[in-house]
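S.K.: One structure, pasted below without further comment.
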Amino acid sequence: MINTSLLLFGIFVILLICNIPIAVSLGIASVVTILVTGLPIEMFPINVYSASSKFALLAIPFFILAGNIMEKAGISEKLITLAKACVGHRKNGVALVCVIVSCFFAAISGSGPATVAALGVILIPSMVKEGYPVSFATALMAAGGAIGVIIPPSVTFIVYGSSSGASIAEIFMAGVIPGLMMGAALIGATLFCARKFELKKTEKASGAQRWAAFKDAIWGLLMPVIILGGIYSGIFTPTEAAAVSAVYGLIVGIFVYKKLKIRELGKMIVTSGSQTGVVMYVIIAASLFAWVISVDGIASDIGDWLMNVTHGNLWAFLLITNIILLIAGCVMDATSALYIFIPILLPVATDMGYDTVAFGILMCVNLAIGLVTPPVGVNLFTACSISKLTIKDTFKDVVPIIVSLIVVLLLVTYIPQISLLLPNLLN
């Protein structure tokens with residue numbers, strides 16, 4: 027058992043050090059381990075099929091398409107205009123706009139990097155213009171995008187639900203309060219850090235300007251209401267909601283805002299298909315890796331070790347879990363991390379009496395923080411590509427932001443009722 031685990035994880039780590047993409051590293055490590063240890067190779071195609079044919083995963087391409095459509099339709103600009111009209115005149119107004127709009131756009135795109143890409147090109151220059159250092163503006167935008175992983179609809183939640191068997195609708199509802207708490211934490215970090223910045227004042231918008239901005243953004247604001255309201259009222263499933271969101275985005279983009287052209291639809295579908303292909307490739311490779319972990323007893327061995335080292339203490343186990351996932355989030359994407367660690371950590375958590383849905387939120391918040399944590403943080407990398415900085419340039423400014431998010435993580439970890447409040451009310 028030990029030799030198998032050393033072989034599997036050893037090959038995986040060596041390939042990562044050689045800068046091989048994570049999905050490829052997972053696949054190669056799994057296949058080599060299967061061949062060397064004599065595990066049934068015929069399980070390879072069976073596992074690939076079972077990993078990619080889950081009904082819940084059909085939601086991923088539709089949510090990705092919906093996010094691309096709403097971005098092209100100019101929804102991000104209209105949400106920013108509305109937020110500026112409401113809070114832009116206040117001290118730290120543009121930073122508040124960044125956090126607020128990130129929360130709203132997260133409820134449309136379901137993706138952290140997509141949120142950063144859509145909003146960063148507008149908000150990073152706006153924050154710099156108001157007097158924020160470009161490094162702080164970059165770090166805050168990256169952290170704002172991390173909310174996209176937690177506020178539903180979230181592709182990461184869909185992956186967790188399909189892998190763990192938890193109700194995706196309940197996970198969606200459970201992510202609302204932690205997502206808003208992350209937004210509040212970012213606002214607190216901004217107010218703390220901005221004391222030393224010399225910021226410009228912005229003229230207060232009139233009531234008429236606010237009303238005009240609200241009317242212009244109302245179609246974008248309605249999208250998460252339709253998606254989540256439809257799911258929780260039982261009108262449609264999360265997968266059907268994803269298709270509805272894509273159709274709704276098309277109608278708004280073509281007939282309401284009139285920024286989308288029919289001829290652009292084909293290109294958007296191809297782009298969304300390409301992005302979906304990347305996600306599915308990661309899912310297939312990671313699920314094969316997870317299968318090797320499970321079938322060869324590695325997961326149960328690690329689980330037994332965790333039970334022994336923590337002496338069955340739930341709080342100690344949760345602390346170790348957070349440390350493991352925070353480190354994992356620094357070096358790999360959320361999808362890979364979920365497929366690797368769910369078969370290892372979830373059985374131990376449930377044996378100790380921790381709720382499956384609450385544990386999913388715990389895992390996803392950890393991995394969301396990883397999106398803004400050097401050296402690999404995908405959101406931070408995306409934001410840096412917009413501001414033309416290196417990740418090293420943002421390190422000083424990203425640390426207090428990460429600390430504020432870790433405070434939220436600890437609250438969500440040790441008070442699972444925070445996550446379970448809305449699902450329990452729903453039930």
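Just so we're on the same page, the working numbering is the position in the sequence shown counted from 1, plus 26.
Cβ atoms here follow ideal geometry from the backbone N, Cα and C, with glycine treated the same way.
Just the C-alpha distance for G403 and K222, rounded to the nearest angstrom, thanks.
M.R.: The residue given as residue 403 occupies position 377 in the sequence shown. The residue given as residue 222 occupies position 196 in the sequence shown. So the alpha carbons of these two residues sit roughly 26 Å apart.
S.K.: Which runs of the alpha helix (DSSP H) spanning at least 4 residues fall entirely within the region 317-368, listed in chain order?
M.R.: The region 317-368 contains these whole alpha helix (DSSP H) runs: 324-336, 340-357.
S.K.: Kindly indicate the opening and closing residues of the alpha helix (DSSP H) around A195.
M.R.: On the sequence shown, residue 195 is found 169 positions in, with the first residue counted as 1. Taken as a continuous stretch (DSSP letters only), the alpha helix (DSSP H) holding A195 covers 194-200.
S.K.: Would the beta-carbon of I197 fall within 8 Å of that of G187?
M.R.: Working through the sequence shown from its first residue, we reach residue 197 at position 171. Working through the sequence shown from its first residue, we reach residue 187 at position 161. Taking 8 Å as the Cβ cut-off, I197 and G187 qualify as a contacting pair.
S.K.: What span of residues does the alpha helix (DSSP H) with E156 cover, start to end?
M.R.: As a first step, residue 156 is located in the sequence shown; it is residue number 130 there, counting from the start. Unbroken alpha helix (DSSP H) run through E156: 138-156.
S.K.: When the Cα of V433 is compared with those of I194, A121, N392, which residue comes out closest?
M.R.: Taking the first residue of the sequence shown as 1, we reach residue 433 at position 407. When each option's Cα is compared against that of V433, the closest is N392.
S.K.: Helix, strand or coil for F38 per DSSP?
M.R.: Translated into the one-based positions of the sequence shown, residue 38 becomes position 12. If DSSP states are grouped into helix, strand and coil, F38 belongs with the helices.
S.K.: With distances taken between CB atoms, is the gap from A165 to D423 smaller than 8 Å?
M.R.: To locate residue 165, count along the sequence shown from 1; it is residue 139. To locate residue 423, count along the sequence shown from 1; it is residue 397. Taking 8 Å as the Cβ cut-off, A165 and D423 qualify as a contacting pair.
S.K.: Mind checking which residues open and close the alpha helix (DSSP H) that includes M69?
M.R.: As a first step, residue 69 is located in the sequence shown; it is residue number 43 there, counting from the start. Start and end: 69-78.
S.K.: Measure the alpha-carbon distance for G93 versus V398 and round it to whole angstroms.
M.R.: Taking the first residue of the sequence shown as position 1, residue 93 is located at position 67. Taking the first residue of the sequence shown as position 1, residue 398 is located at position 372. Near 21 Å, if we compare the C-alpha coordinates of V398 and G93.
S.K.: Give me the Cβ distance between V113 and I412, rounded to the nearest whole Å; I'm assuming they're in contact under 8 Å.
M.R.: Within the sequence shown, numbered from 1, the residue matching residue 113 stands at position 87. Within the sequence shown, numbered from 1, the residue matching residue 412 stands at position 386. Actually they are not in contact, since the Cβ atoms of V113 and I412 sit about 23 Å apart, beyond 8 Å.
S.K.: State the CB to CB distance for the pair N73 and L314, rounded to an integer number of angstroms; the pair is presumed to be in contact (CB under 8 Å).
M.R.: For the purposes of this step, residue 73 is identified with residue 47 of the sequence shown, where counting begins at 1. For the purposes of this step, residue 314 is identified with residue 288 of the sequence shown, where counting begins at 1. Right, their Cβ atoms sit about 5 Å apart.
S.K.: Taking just the CA atoms, how far does V50 sit from F35?
M.R.: Here residue 35 refers to the residue found at position 9 of the sequence shown. Here residue 50 refers to the residue found at position 24 of the sequence shown. Cα to Cα, F35 sits roughly 14 Å from V50.
S.K.: Within 10 Å of its beta-carbon, does L149 have 16 or more other beta-carbons around it, so buried, or fewer, so exposed?
M.R.: Taking the first residue of the sequence shown as 1, we reach residue 149 at position 123. Answer is buried; the Cβ neighbour count reaches 16.
S.K.: Mapping DSSP to helix, strand and coil, what is P159?
M.R.: For the purposes of this step, residue 159 is taken as residue 133 along the sequence shown, with counting starting at 1. Reduced to three states, the DSSP call for P159 is coil.
S.K.: Can you round the beta-carbon distance between M249 and K98 to whole angstroms, since I take them to be within the 8 Å contact cut?
M.R.: The count along the sequence shown starts at 1 and reaches residue 249 at position 223. The count along the sequence shown starts at 1 and reaches residue 98 at position 72. Their Cβ separation, rounded to whole angstroms, is 14 Å, which puts M249 and K98 out of contact at 8 Å.
S.K.: If you draw a straight line from the C-alpha of I353 to the C-alpha of W237, how long is it?
M.R.: Position 327 of the sequence shown, counted from the first residue, corresponds to residue 353. Position 211 of the sequence shown, counted from the first residue, corresponds to residue 237. Distance between the alpha carbons of I353 and W237 is about 45 Å.
S.K.: Compare the Cα-Cα distances from M167 to each of Y274, T141, I48 and report the closest residue.
M.R.: Taking the sequence shown and counting its residues from 1, one reaches residue 167 at position 141. Comparing Cα positions, the closest option is T141.
S.K.: Report all residues from its chain with a CB closer than 6 Å to the CB of F130; omit the five preceding and five following residues, and keep chain order.
M.R.: Position 104 of the sequence shown, counted from the start, is the residue given in the question as residue 130. Around F130: L105.
S.K.: For the pair the region 54-74 and the region 326-337, tell me if three or more CB-CB distances fall below 8 Å.
M.R.: Contact fails: fewer than three Cβ-Cβ distances are below 8 Å.
S.K.: Taking contact to mean at least 3 C-beta pairs separated by less than 8 Å, is the region 170-190 in contact with the region 153-161?
M.R.: Too few Cβ pairs lie closer than 8 Å, so no.
S.K.: With DSSP collapsed to three states, give me the class of G214.
M.R.: For the purposes of this step, residue 214 is identified with residue 188 of the sequence shown, where counting begins at 1. Three-state DSSP puts G214 in a helix.
S.K.: What residues in its chain sit with their C-beta under 7 Å from that of A143, if we drop five residues either side in the sequence?
M.R.: Residue mapping note: residue 143 aligns to position 117 of the sequence shown, counting from 1. Cβ neighbours of A143 beyond the five flanking positions: T408.
S.K.: Alpha carbons only, please: which of G119, G100, G138 is nearest the one belonging to K226?
M.R.: Taking the first residue of the sequence shown as 1, we reach residue 226 at position 200. Residue G119 is the option with its Cα nearest to K226.
S.K.: Looking at the structure shown, is L446 part of a helix, part of a strand, or coil, going by DSSP?
M.R.: Sequence index remark: in the sequence shown, residue 446 carries index 420 (1-based). Helix at L446.
S.K.: For a test of the three-state rule: what should DSSP assign to P461, helix, strand or coil?
M.R.: A query on residue 461 cannot be resolved here, the shown segment of the chain reaching from 27 to 453 and no further.
S.K.: Can you name the start and end residues of the alpha helix (DSSP H) that F280 belongs to?
M.R.: What you label residue 280 is simply residue 254 of the sequence shown in a count that begins at 1. Checking the sequence, you will find Ile at residue 280 rather than Phe. Note, I280: premise wrong, no alpha helix (DSSP H); not H, not E.
S.K.: Measuring alpha carbon to alpha carbon, tell me which of S190, G246, H337 ends up nearest C390.
M.R.: On the sequence shown, residue 390 is found 364 positions in, with the first residue counted as 1. Comparing Cα-Cα distances from C390 to each of S190, G246, H337, the minimum goes to S190.
S.K.: What does the Cβ neighbour count give for L451, buried or exposed, with the cut at 16 atoms within 10 Å?
M.R.: For the purposes of this step, residue 451 is identified with residue 425 of the sequence shown, where counting begins at 1. Flag for L451 reads exposed.
S.K.: Residues in its own chain within less than 6 Å of A169 by CB, not counting five upstream and five downstream?
M.R.: For the purposes of this step, residue 169 is identified with residue 143 of the sequence shown, where counting begins at 1. Excluding positions up to five away in sequence, the list reads L212, V398, I427.
S.K.: For L42, which residues in the same chain have their Cβ closer than 6 Å to its Cβ, ignoring the five residues on either side in sequence?
M.R.: Stepping through the sequence shown from its first residue, residue 42 is reached at position 16. Closer than 6 Å at the Cβ level, and outside the excluded window around L42, lie S51.
S.K.: Look up D381 in the DSSP assignment and say whether it is helix, strand or coil.
M.R.: Here residue 381 is taken as the residue at index 355 of the sequence shown, counted from 1. If DSSP states are grouped into helix, strand and coil, D381 belongs with coil.
S.K.: Quick one: is N405 buried, meaning 16 or more other Cβ sit within 10 Å of its Cβ, or exposed?
M.R.: As a working note, residue 405 is residue 379 in the sequence shown. Classification of N405: buried, given that the 10 Å Cβ count is 16 or more.
S.K.: Is G209 helix, strand or coil by DSSP?
M.R.: The residue labelled residue 209 in the question sits at position 183 within the sequence shown. Reduced to three states, the DSSP call for G209 is helix.
S.K.: If we call anything under 8 Å between Cβ atoms a contact, is A311 one with G138?
M.R.: For this step, residue 311 is matched to residue 285 along the sequence shown. For this step, residue 138 is matched to residue 112 along the sequence shown. In this structure, G138 does not lie closer than 8 Å to A311 by Cβ.
S.K.: Within 10 angstroms of its Cβ, does L372 collect 16 or more other Cβ (buried), or is it exposed?
M.R.: Reading the sequence shown from its first residue, position 346 is the one you call residue 372. So L372 counts as buried.
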